[in-house]
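Peer 1: Take this structure first; my questions come after.
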Amino acid sequence: MAYLCQETAKADVRLRRLEAEGVRLSRRVGNVRLFSFNERQATVRHLQRLLEAELELLAEVIQERFFRQRQRPRRSDKPLLSHA
């Protein structure tokens, strides 16, 4: 468990650096923080292609573990968030 917390903290530091450099944007919607890439940044397209290539190289077991789809349907009256 300590290993997971340590790795999460490292990832958070890297994500904060990306935000400080203007590569990543964030905004709060209610009590949720939404993140997106800053499309105005020149290197974002290259970074996205690199991340997509790395994702394809991951073993299928790892992809299923960390990038799985929702198992339960959304509540019918819950509003959808727009990613503008």
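Going by this note's numbering, the first residue of the sequence shown is number 2, and it counts up by one from there.
Just so you know, even glycine gets a beta-carbon here, dropped at the ideal spot from N, CA and C.
1) Grab the span of the alpha helix (DSSP H) containing valine 62 for me, first residue to last.
2) If I'm right that arginine 25 touches phenylalanine 36 with Cβ under 8 Å, what's the distance once you round it to whole angstroms?
3) Counting along the chain, where does the beta strand (DSSP E) carrying arginine 25 start and finish?
4) Under the three-state reduction of DSSP, which class applies to arginine 34: helix, strand or coil?
5) Where does the unbroken alpha helix (DSSP H) through glutamate 53 begin, and where does it stop?
6) Give the DSSP-derived three-state secondary structure of aspartate 13 in the structure shown.
7) Look at the Cβ atom of leucine 56, then the Cβ atom of phenylalanine 68, and state whether they are nearer than 9 Å.
Peer 2: On the basis of the supplied data:
1) 61-67
2) 6 Å
3) 25-30
4) strand
5) 45-58
6) helix
7) yes
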